[in-house]
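Below is one structure, written out as structure tokens; comments come after it.
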Amino acid sequence: MITLLYFARLREALGVSTEQIDLPPEVRDIAGLTALLRARGGAWENELAEGRAYRIAVNQDMADGATAIKTGDEIAIFPPVTGG
Amino acid sequence: MITLLYFARLREALGVSTEQIDLPPEVRDIAGLTALLRARGGAWENELAEGRAYRIAVNQDMADGATAIKTGDEIAIFPPVTGG
Amino acid sequence: MAIRVQQEDFDLGAELLALRQDNPKIGAIASFLGLVRDINEGDAVAGMSLEHYPGMTEKALERIVEQAKARWDIFDALVIHRVGDLQPTDQIVLVAVTSAHRGEAFAACEFIMDYLKTEAPFWKREQTSSGARWVDARESDENAAKRWEK
Amino acid sequence: MAIRVQQEDFDLGAELLALRQDNPKIGAIASFLGLVRDINEGDAVAGMSLEHYPGMTEKALERIVEQAKARWDIFDALVIHRVGDLQPTDQIVLVAVTSAHRGEAFAACEFIMDYLKTEAPFWKREQTSSGARWVDARESDENAAKRWEK
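Residue numbers (numbering that gives the first Met the number 0), protein chains in the order written: chain A, 0 to 83; chain B, 0 to 83; chain C, 0 to 149; chain D, 0 to 149.
Okay, structure coming up:
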């Protein structure tokens, strides 16, 4: 199981703020996870397409496609930040 | 007549905070004035010697040796500033 | 270091007094206060709502302050960032840095703000006359943060 | 623009509130507060006395703020500088700048401080354990002001 969190515009576009999913054994990094999510089609395919501006954090640290993930991780997907 | 003001360490070293003097007709700029003051000897010669760090303002604007002066001017001589 | 993410407003003067605690080693406090403007990207803004990622926000801000402390000779830093619903003229964010001399305080304060803008997970949603909209990240903010990589 | 040279202390929070006057165009306030330290050049400082050149001081500060306004897109600036006898932890100087965006506010605030340090006719006399002494101007302050000439 991994916990997925979505924030701000992406939370609205995807219609979910949090979910828990089983991590398929072949998915070992963020690139694999985003491919898995894109395969859901619709908004997922669109919002998480290559070239779209979104950010990913693994266990509350900024991550990129090569970042390894494992069962138990908290993974957040969100738009570029706009605080301050 | 010109009004001369002295501040801070220079005021103490010269022993005067303000004085009014007649401007001799041959003194037309700050370089001429400082030469006149240096000719007083003692602390004047020492404190206003070439190479000593002091500043001069004419009518409350920073000036240099070439700045022209005339009767009625307020001329201040002081050390480099240290506020803030 | 104090990092606070909160809905409530804060008292700028009291926060800065508390930060310096009459420490006679402090010669300089640089501070930045961010306020809600009534206009953005040319449109009137009636208010905004700030969302954040609890947990990561604090962690990201702590890391930014640690980087500032490693880079400049500063005593302490305070970051307060509000979340929830805000109106024009409301205080959003306060960053304050204490040090012996002004150069370090200014640099560290601006560094923290620049990284907060690009690294801390906050998102603004504005209410405008044409409806609500998520604020887009600005390239100028990315560039401001990149300056410090030199 | 408000320029004040005074013996009395000031209320930092109240001054910053008055400066922004709930103007909803202001998105950023950068401020700098200078405090008396209990040490300088390695010696314990028991207190200090600040002398100034009345009239020229205000004129010099006004000119510095005018230069900042000409150079950056800022709304307003406040400069308060105290004179007379001060103790460690006392407030000496406040510079605050309002603008729409943070970059301009930071730059103008630091610019005003750097020029105040080298152009405004104030002089500090410190009381140390070995007697009173006039503080020497520092080359680092000259260099800080020169940065802005680029």
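No residue lacks a Cβ here, since even glycine has one placed at the ideal position from N, Cα and C.
Partners in chain C for residue i, counting only beta-carbon separations shorter than 7 Å
i       : result
THR88/D : ASP21 and PRO23
Pick from the options that is closest to residue i, judged by C-alpha positions
i        : options                                 : result
ASP72/D  : TYR114/D, ASP140/D and HIS100/D         : HIS100/D
ARG137/C : ALA131/C, LYS149/C and TYR114/C         : TYR114/C
PHE121/C : GLU65/C, THR127/C and TRP133/C          : TRP133/C
ALA56/B  : PHE77/B, GLU49/B and GLY41/B            : PHE77/B
ARG19/D  : VAL82/D, LEU77/D and ARG146/D           : LEU77/D
ARG62/D  : ILE2/D, ARG146/D, GLU7/D and ILE79/D    : ILE2/D
GLU11/B  : THR81/B, ALA42/B and GLN19/B            : ALA42/B
VAL15/B  : LEU22/B, PRO23/B, PHE6/B and ASP21/B    : PHE6/B
ARG8/B   : LYS116/D, ARG124/D, ALA95/D and GLU65/D : ARG124/D
MET112/C : GLN6/C, SER48/C and GLU141/C            : GLU141/C
ARG70/D  : ALA107/D, THR56/D and HIS51/D           : ALA107/D
ARG81/D  : SER139/D, GLU50/D and ALA45/D           : GLU50/D
ALA131/D : ALA67/D, ALA45/D and LYS58/D            : ALA45/D
ASP8/D   : TRP147/D, GLN90/D, PHE74/D and LYS58/D  : GLN90/D
GLU73/A  : THR81/A, ASN58/A, GLY83/A and ALA65/A   : ASN58/A
DSSP beta-bridge partners of residue i
i        : result
LYS58/C  : According to DSSP, LYS58/C bridges with nothing at all.
ASP113/D : The partner list for ASP113/D (beta bridge, DSSP) is empty, contrary to what the question assumes.
LEU93/C  : LEU32/C and ILE79/C
TYR53/A  : For TYR53/A, which the question treats as bridged, DSSP gives no partner whatsoever.
ALA131/D : GLN126/D
PHE121/C : HIS51/C
ALA27/C  : SER98/C and GLY33/D
VAL44/C  : THR127/C
ARG3/D   : ILE79/D
MET61/A  : ALA56/A
ASP84/D  : SER48/D
PHE77/A  : ARG54/A
ILE29/A  : Bridge partners of ILE29/A: none, in fact.
LEU3/A   : GLU18/A and ILE74/A
ASN39/D  : ASP42/D
ILE73/C  : SER98/C
ALA67/A  : ASP28/A
Within-8 Å CB hit, residue i to chain B
i        : result
MET0/D   : no
ALA136/D : yes
TRP133/D : yes
LYS145/D : no
Chain C contact for residue i (CB, 8 Å cutoff)
i        : result
ARG36/D  : yes
ARG51/A  : no
ALA42/A  : no
GLU109/D : yes
ALA75/A  : yes
ARG101/D : yes
C-beta neighbour in chain A for residue i, strict 8 Å
i        : result
VAL64/C  : no
THR117/C : yes
VAL78/C  : no
GLY46/C  : no
GLY33/C  : yes
Proximal residues of chain D, C-beta to C-beta of residue i below 7 Å
i      : result
PHE9/C : Going along chain D, no residue has its Cβ under 7 Å from PHE9/C, so there is no contact; the nearest lies around 10 Å.
Chain D within 8 Å of residue i, Cβ atoms only
i       : result
ALA7/B  : yes
GLY83/B : yes
GLN19/B : no
ALA13/C : yes
PHE74/C : no
Chain-ordered chain C contacts of residue i [CB-CB under 8 Å]
i       : result
VAL80/A : LYS116, THR117, GLU118, ALA119, PRO120, PHE121, TRP122 and ALA136
ALA56/A : TYR52, MET55 and PRO120
Chain A contact residues for residue i, given Cβ-Cβ distances below 8 Å
i       : result
LEU49/C : GLY82
Interface partners of residue i on chain B, CB under 9 Å
i       : result
VAL92/D : GLY82 and GLY83
8 Å Cβ cut-off: residues of chain D touching residue i
i       : result
ALA27/C : PHE31, LEU32, GLY33 and LEU34
Partners in chain A for residue i, counting only beta-carbon separations shorter than 7 Å
i       : result
LYS58/C : GLN59
Proximity test, Cβ basis, 8 Å: residue i and chain E
i       : result
ALA45/C : Here the protein chains are A, B, C and D, and chain E is not one of them.
Check whether the segment 38–54 of chain C touches the segment 34–49 of chain D, counting contact only when three or more Cβ pairs, one atom from each stretch, lie closer than 8 Å. no
Is the segment 7–15 of chain C touching the segment 10–29 of chain B, taking contact as three or more C-beta pairs under 8 Å? Result no; under three Cβ-Cβ pairs closer than 8 Å.
Using 8 Å as the threshold, is the segment 92–107 of chain D in touch with the segment 17–29 of chain D, meaning 3 or more CB pairs across them? yes
Inter-stretch contact (C-beta, 8 Å, three-pair minimum) for the segment 84–92 of chain C and the segment 34–46 of chain A: no
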